[in-house]
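These notes concern the structure reproduced below.
Residue numbers (this note's numbering): 1035 to 1254.
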């Protein structure tokens, strides 16, 4: 039987919240942006020149959220013919995301059971994080814009493990992007690709050697 892991690393957007993509799509509908045009603009913002686009630069703190929003609003407005104000653009993109209370409860329950817990998040600014909730959920917070590294850079996984005082092989990592999960697995972590809350909780419980009911009964 494989050795049980002792630490849990969890993404924020799309794991501890409802779908990021769904929130973006709702925003596009509300302002009248064609979905395919917006999708293309978002993909370009991620990739950019030689894989270092505006999203990469924002998530590592190289540019501010306001600078990113101004640039993205200009691209969306020019290509669609729809005037997209840049003020508060990032906040409006995330406005339709809600916290996944069952996932929060499961992570907090794992921590109470003796598992070391860390938030590992690529940040689009820091204002949208419910930091009051984090105090009861995580031992460590690693947010890309605060450390200058972003997933899937292996160093941010190593940094998180070091801050928890564990080796990568001791960790379970949960994310909704397969590229991030793949890198974690290459480093020796157990990776869980999040798609559905109940399924993720069951996988995490098994990998941590915990009773699934102890996580679910805490709020799922």
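In this text, a Cβ means the ideal position worked out from N, Cα and C, and glycines have one as well.
- Rounded to the nearest whole angstrom, the C-alpha separation of residue 1177 and residue 1112 is 32 Å.
- Its Cα nearest to that of residue 1076, the residue 1123 stands out among 1123, 1043, 1191.
- Going by C-alpha positions, residue 1192 is about 11 Å away from residue 1205.
- Between the C-alpha atoms of residue 1233 and residue 1115 there is a straight-line separation of about 42 Å.
- Between residue 1209 and residue 1198, the CB-CB gap reaches or exceeds 9 Å.
- Taking a contact as a CB-CB distance under 8 Å, the pair residue 1149 and residue 1067 does not count as one, their CB atoms being some 42 Å apart.
- Excluding its 5 nearest sequence neighbours in each direction, residue 1246 has C-beta neighbours in its own chain below 8 Å: 1235, 1236, 1239, 1240, listed in chain order.
- As a beta-bridge residue in DSSP terms, residue 1151 pairs with 1042.
- Excluding residues up to 5 positions away in sequence, 1068, 1069, 1072 lie with their Cβ nearer than 8 Å to the Cβ of residue 1062 in the same chain.
- In the structure shown, residue 1171 adopts coil according to DSSP, grouped into three states.
- Nearest Cα to residue 1147 within the set 1079, 1172, 1164: 1172.
- Counted as a single uninterrupted DSSP element, the beta strand (DSSP E) harbouring residue 1227 occupies residues 1224-1227.
- In terms of Cβ geometry, residue 1120 and residue 1107 form a close pair [threshold 9 Å].
- Ranking 1055, 1102, 1057, 1141 by CA distance to the CA of residue 1207 puts 1141 first.
- If you draw a 10 Å sphere on the C-beta of residue 1134, you find 16 or more other C-beta atoms in it, and that means buried.
- In the three-state reduction of the DSSP assignment, residue 1234 falls in the helix class, which pools H, G and I.
- Cβ contact annotation for residue 1200 (same chain, cutoff 8 Å, sequence separation greater than five): 1040, 1041, 1150, in chain order.
- Listed in chain order, the non-local C-beta contacts of residue 1218 below 7 Å within the same chain comprise 1191, 1207, 1225, local neighbours out to five positions each way being set aside.
- In the assembly as shown, residue 1202 is a buried residue. Its beta-carbon has 16 or more other beta-carbons within 10 Å.
- Non-local C-beta neighbours of residue 1229 in its own chain, meaning closer than 8 Å and more than five positions away in sequence, comprise 1210, ordered along the chain.
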